[in-house]
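Okay, so here's the structure we're looking at.
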Amino acid sequence: MAQVDLALLGAGGINTVVAQAVRAGRLPGVRIVAVAGSSVSSAGAKQLASELGAQVVAPTDLASCGAAWVLEAAGGAAVRAHVPGLWAAGINTIVMSVGAMLDEHVYAAYQRRGGVQVVLPSGGIAGLDGVRALAAVDGLTTARITSTKKPAGLRGAPYLEQNGIELPEDRAVTVFEGSAREAVVGFPANVNVAVALSLAGIGPDLTRVVVRSDPSAEGVMQLIEASGPLASLEVKIRSQPSPQNPRTSYLAGAAAVSAVRAIG
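Using the numbering used here, the first residue of the sequence shown is number 37, and each one after it goes up by one.
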């Protein structure tokens with residue numbers, strides 16, 4: 037098996053899960069050669085790199101660090117700032133912050149990428165193969181995802197801050213209903229799964245998103261409902277939050293490991 041040299045963009049929960057998988061020998065064909073945090077002085081990047089025996093680099097130096105692939109798990113702003121440059125340099129990428137793909141400049145760079153490989157994992161959901169199948173034969177007319185998290189997993193979202201929305205600790209509330217395109221602006225750290233669903237199906241403007249806050253939620257819950265004239269599907273996923281980041285489901289980290297295994 038040929039070895040794949042991988043760099044990490046981001047040193048948070050998802051990339052920590054991948055690093056742990058590499059150290060545990062669960063990704064035998066993969067070597068992590070570099071870690072980039074928000075800057076070369078990022079404490080998280082230094083810690084992760086030290087554990088892996090990798091170098092710490094600035095995000096702008098990822099294209100020259102010797103990696104054939106970069107795994108991004110640093111948020112939409114990092115994708116917009118750095119990933120198009122990686123594509124232009126011929127670096128293959130796994131993009132976990134799928135919501136950033138709706139940015140017009142990112143999408144234009146994606147269209148121009150030539151032979152560069154770009155993997156967009158499913159993140160914390162399942163069932164996208166069925167959605168793609170329906171969409172492929174013009175059999176998908178509606179798609180909806182309901183995302184339910186504890187208040188701590190939603191607090192700080194721009195939509196809540198801008199609208200002065202407080203999340204009660206004694207009852208469940210629906211805090212947002214709209215399109216996937218609108219949702220990724222209001223909840224950039226929470227609804228990458230909604231964008232993944234929209235890209236697999238009927239697009240970000242027609243895919244509907246509901247965000248709920250529930251203090252009694254048993255983990256992160258996602259309900260996907262998609263239908264057409266001849267078939268429909270309903271997929272429910274329940275996952276514990278990431279130990280490192282309550283805004284991210286544990287399943288998202290597992291999806292990243294699976295994506296890395298597929299290239300290794």
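Quick reminder that beta carbons are idealized off the backbone N, C-alpha and C, glycines included. The model shown is predicted, which means the values in this text are computed figures rather than measured ones.
Residue i (DSSP reduced to helix, strand or coil)
i	result
Ser294	helix
Arg67	strand
Gly150	coil
Asp165	helix
Glu205	coil
Gln276	coil
Thr96	helix
Ser234	helix
Ser86	helix
Ala72	strand
Val53	helix
Val155	strand
Ala171	helix
Val10	Residue 10 falls outside the range modelled here, since the chain spans only 37 to 300, and no answer is possible.
Asn226	coil
Gly111	coil
Arg116	helix
Leu190	coil
For residue i: DSSP bridge partner residues
i	result
Arg180	Arg244 and Glu261
Leu269	Ala262
Val106	Ala43 and Thr129
Glu254	In the DSSP output, where bridge partners are listed per residue, Glu254 has none listed.
Lys185	Ser249
Glu213	Val246
Gln91	Ala70
Ser285	Pro277
Straight-line Cα distance separating residue j from residue i
i	j	result
Pro265	Thr177	8 Å
Gly65	Thr129	17 Å
Leu190	Ala81	25 Å
Ala188	Glu140	31 Å
Leu42	Ala103	5 Å
Ser285	Ala225	11 Å
Arg62	Asn51	14 Å
Ser77	Gly49	18 Å
Val92	Ser234	35 Å
Ala90	Arg217	37 Å
Val119	Tyr143	11 Å
Val245	Ser100	39 Å
Asp165	Ala171	10 Å
Ser294	Glu205	35 Å
Glu254	Arg148	42 Å
Pro194	Ile201	10 Å
Gln198	Val227	17 Å
Beta carbon of residue i nearer than 9 Å to that of residue j
i	j	result
Val167	Glu213	no
Ala291	Ser252	no
Gly68	Leu88	What sits at residue 68 in the sequence shown is Ile, not Gly. Yes.
Val54	Leu98	no
Pro157	Met132	yes
Ala110	Gly163	no
Gly159	Leu196	no
Ala230	Gly135	yes
Ile161	Val271	yes
Pro240	Ser278	no
Ala85	Val71	yes
Leu203	Ser249	yes
Arg283	Thr243	no
Ile299	Leu287	no
Cβ separation of residue i and residue j, assumed to be a contact under 8 Å, to the nearest whole Å
i	j	result
Leu269	Thr182	The Cβ separation is near 14 Å, so there is no contact.
Met257	Thr184	4 Å
Gly175	Ala267	6 Å
Val40	Trp123	Val40 to Trp123, Cβ: 18 Å. No contact.
Tyr146	Val155	Not confirmed; about 12 Å, so no contact.
Val152	Gly126	6 Å
Interface flag, residue i vs chain B, CB-CB below 9 Å
i	result
Gln56	Among the protein chains of the structure shown there is no chain B, as only one such chain exists.
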